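Numbering (this note's numbering), first residue to last: 2 to 371.
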Amino acid sequence: MTAPTISSKYIQQPAKRRDSTTGCRIQFAVVLLVTLILELILLLTTARDILSIGWAALLHVLLVALLLFWQQKIFRCPGGVKRRTTYLFLVATAAFGPIGVLGTLFTIALHTWYQRSTTSFEDWYAGLFPKEQRDEVAELADFLDAHSRLKGANVPDSFHDILSNGTLQQKRDAIVLMSKHFRPEFAQALRSALLDPDNSIRVMAASSISRIENRFLEKAMQVDRAAAKAPDDVDILLRQAKLYDDYAFTGLLERDREEANREKAKQIYREIIKLQPENYPATLGLGRLLIRTGEVEEAAERLQQTLQFRNGEPQLMLWYAECLYKLGHYQELRKLLREQGAAFIDGPGKQRPRIADAVQMWLGRSASAN
């Protein structure tokens, strides 16, 4: 017996809500009409010298006071006419009399007309980044298609330049691409989009940054749980450290959060090295973070030890070279580059010409020589 009663109660709620909304609208319409008539009477009687300006002003104030009492104590509508409309009605009537009432009516009419064809904020916001399951081939096709449209605009092939000089659609494409394929190099461009004159671009950029942060938080929660279950699993710890390391390097964080993530990554890297002293990724990651936080001497010591059994590793050689440069050990730096710099220039350096030019300079070779 109880279940049908509860069901019928909830089934009847929408009908009651509709009746309440209709009643509110009728009440508001009646108050608007009565107020308009009274304000017009005050205006006409004052214009014909039936009432003095003082009496007319006093009656106008009393009418506004009655409207305020009605709005605060009598008008109770959970839906339908929004309270901000009644506030507009009060302020407009108090300031402009019958013209204010007519302006409120005109505003309500425009709102009703445009509401029929406009998209709600929730639907518009959800449409910025639609949730859909796509395979890698479709993702790549979208990437190439959007990228070709961006390149076809006769603007430099740079996200930052596109966000500065591109059309609205090109800016949207750029933000979507950066969100889906985010790399730390995109951080400055995304931050610049937060200052775009167009409100929709600013919202998209903020949403994109929020999505990137949410992706990190989801991954961080997963890897933290896995690390708590297996505290001696080096592979899991390495994934955890790299996640915090990469997130600190995004360029999207405030300084204190960035430092907190770097300290967390350094702590995990140290734990890995205790478990596996010759773990190359952990040593390289820790050395890189130590350099960025100004602990160059410790970084040089750790990287030098690793360099002894990873001879010829370009990443390790470059970070160790930076340590030597920051410490002012220029003779050791030249010796290191003489031993391993040529192999870097002829190999990985072809993909990193700026670094290769710097190595060539230290070797005493022409930047164009190769």
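Where is the CB? At the ideal position from N, CA and C, for every residue including glycine.
Source: prediction; values computed, not measured.
Between residue i and the rest of its own chain, which residues show a CB-CB distance below 6 Å, the 5 nearest in sequence each way excluded?
i      : result
Ile213 : Phe183
Lys172 : Leu164 and Ile202
Leu41  : Pro99
Ala48  : none
Ile269 : Leu238, Gln241 and Ala242
His161 : Ala190
Phe217 : Tyr248
Ala57  : Leu43 and Thr47
Let's test the definition: count the other Cβ atoms within 10 Å of the Cβ of residue i and tell me whether it reaches 16, buried, or not, exposed.
i      : result
Phe380 : Here the chain covers residues 2 to 371 and nothing more, so residue 380 does not appear.
Trp114 : exposed
Tyr275 : The displayed chain sequence assigns Lys, not Tyr, to residue 275. That one is exposed.
Gln223 : exposed
Ser53  : exposed
Trp320 : buried
Tyr248 : buried
Asn280 : buried
Ile27  : exposed
Asp174 : buried
Tyr245 : buried
Thr87  : buried
Leu69  : exposed
Ala110 : exposed
Ala273 : For the record, residue 273 in the displayed sequence is Ile; it is not Ala. Under this definition Ile273 is a buried residue.
Leu169 : exposed
Val35  : exposed
Leu285 : buried
Val32  : buried
Lys74  : exposed
Lys265 : buried
Leu178 : buried
Thr307 : buried
Can you check whether the CB of residue j is closer than 7 Å to the CB of residue i?
i      : j      : result
Ile292 : Ala300 : yes
Leu191 : Ile163 : no
Thr94  : Gly104 : no
Pro99  : Leu37  : yes
Leu290 : Arg271 : no
Leu334 : Ala322 : yes
Ala188 : Thr251 : yes
Ile176 : Ala206 : yes
Val360 : Cys324 : no
Leu337 : Trp363 : no
Short of 8 Å in beta carbon distance, which residues of its chain neighbour residue i, apart from the five on each side in sequence? Order them along the chain.
i      : result
Pro354 : none
Val372 : The chain is shown only over 2 to 371; residue 372 falls outside these bounds and no answer can be derived.
Glu302 : none
Leu60  : Leu43 and Leu52
Leu63  : none
Asp197 : Leu164, Lys172, Arg203 and Ala206
Tyr326 : Leu334
Glu259 : Ala249
Leu89  : Thr105 and Thr108
Leu328 : Val297, Glu298 and Ala301
Closer than 7 Å by C-beta to residue i: which residues in its own chain qualify, once you throw out the five before and the five after it? Chain order, please.
i      : result
Ala228 : Ile237, Leu238 and Gln241
Lys267 : Leu287 and Leu290
Pro278 : none
Leu1   : Nothing about residue 1 can be read from this structure; the chain reaches only from 2 to 371.
Pro185 : Phe250, Thr251 and Gly252
Gln72  : Thr87 and Leu91
Is any heavy atom in the ligand FAD found nearer than 6 Å to the beta carbon of residue i?
i      : result
Leu290 : This structure does not include the ligand FAD; it has no bound ligands of any sort.
Counting pairs of Cβ atoms below 8 Å between the stretch 223-237 and the stretch 246-261, do you hit three or more? no
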